[in-house]
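Heads up, the working numbering is the position in the sequence shown plus 3, with the first residue counted as 1. Positions of the beta carbon are idealized from the N, C-alpha and C atoms, including for glycine. Read through the structure below, which is laid out as structure tokens, and then see the notes.
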Amino acid sequence: MDSKIDKLKKVRHFILAQIEDLNENQLNKVPEGFNNNIAWNLAHLICAQQALCYLRAGLEPKLSMDFYTPFSTNTKPDRFLSLPEIQKIKADFKESIDFLNEDYSGSSYGAYTPSPNILRVYDIEIQSIDEAIEFLLYHEGYHTGTILALTKLVK
Numbered sequence: 004m005d006s007k008i009d010k011l012k013k014v015r016h017f018i019l020a021q022i023e024d025l026n027e028n029q030l031n032k033v034p035e036g037f038n039n040n041i042a043w044n045l046a047h048l049i050c051a052q053q054a055l056c057y058l059r060a061g062l063e064p065k066l067s068m069d070f071y072t073p074f075s076t077n078t079k080p081d082r083f084l085s086l087p088e089i090q091k092i093k094a095d096f097k098e099s100i101d102f103l104n105e106d107y108s109g110s111s112y113g114a115y116t117p118s119p120n121i122l123r124v125y126d127i128e129i130q131s132i133d134e135a136i137e138f139l140l141y142h143e144g145y146h147t148g149t150i151l152a153l154t155k156l157v158k
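The structure is reproduced here in structure tokens:
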């Protein structure tokens, strides 16, 4: 496994361990001062990874973007996610990194279209799958901090 992808996998396992004991109400709760919740953050990380590593590379996403598009950048939770939906998100949270590793190892990647949002917000132009994975490490770290803060507030 590529070392960057291995790091992503370890971060995701860490996140899941931190929220393991939370129930669906806690995962859906939006504390005062926040505009999202833990469930949204998990789904957002999946959405970002699928968009950056598949859509921008001209590849078909491995997961249903119909399900994950409501969690894209500049969105917020618009409904209560059921326990089966949360279980799906948690399973996809782990499995999506395994898919990425398989596709990266199999050299499925070629042409890459930079993300205008990342360029606009961060002044970073991502031009390859390697750069996308590097950016994902930052992005996952950012949302890990948010998830940890939310976890303290919903317990």
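C-beta contact flag for residue i and residue j at 7 Å
{"i": "H47", "j": "F74", "result": "yes"}
{"i": "G36", "j": "A114", "result": "no"}
{"i": "N38", "j": "F83", "result": "no"}
{"i": "P34", "j": "L156", "result": "yes"}
{"i": "I89", "j": "A42", "result": "yes"}
{"i": "L103", "j": "I22", "result": "no"}
{"i": "H2", "j": "A51", "result": "Residue 2 cannot be examined here, being either before or after the span of the chain that is shown, 4 to 158."}
Euclidean distance between Cα positions of residue i and residue j
{"i": "D81", "j": "I18", "result": "23 Å"}
{"i": "L122", "j": "E128", "result": "5 Å"}
{"i": "N77", "j": "H146", "result": "14 Å"}
{"i": "K10", "j": "H16", "result": "10 Å"}
{"i": "M4", "j": "N28", "result": "36 Å"}
{"i": "N26", "j": "K91", "result": "14 Å"}
{"i": "Y112", "j": "D106", "result": "8 Å"}
{"i": "S118", "j": "Y125", "result": "11 Å"}
{"i": "D133", "j": "S108", "result": "12 Å"}
{"i": "E137", "j": "S110", "result": "17 Å"}
8 Å CB neighbourhood of residue i in its chain, flanking five on each side removed
{"i": "E63", "result": "Y57"}
{"i": "Q53", "result": "P64, K65, L66, M68, Y71, S99"}
{"i": "S85", "result": "E27"}
{"i": "N44", "result": "H146, T149, I150, L153"}
{"i": "I49", "result": "L66, Y71, F74, I92, D95, F96, S99"}
{"i": "K158", "result": "L25, Q29"}
Environment of residue i [buried if 16+ CB atoms lie within 10 Å]
{"i": "S6", "result": "exposed"}
{"i": "N40", "result": "buried"}
{"i": "N120", "result": "exposed"}
{"i": "K13", "result": "exposed"}
{"i": "S67", "result": "exposed"}
Close beta carbons around residue i, own chain, < 6 Å, minus the five adjacent residues each side
{"i": "A135", "result": "L55, C56, I129"}
{"i": "S131", "result": "Y115"}
{"i": "K79", "result": "N38, N39"}
Close-in-space but distant-in-sequence residues of the same chain around residue i (CB under 7 Å, 5 per side omitted)
{"i": "P87", "result": "none"}
{"i": "R59", "result": "Y115, T116, S118, A135"}
Touching or not, the region 145 to 154 and the region 94 to 109, by the rule of three or more beta carbon pairs under 8 Å? The region 145 to 154 is not in contact with the region 94 to 109.
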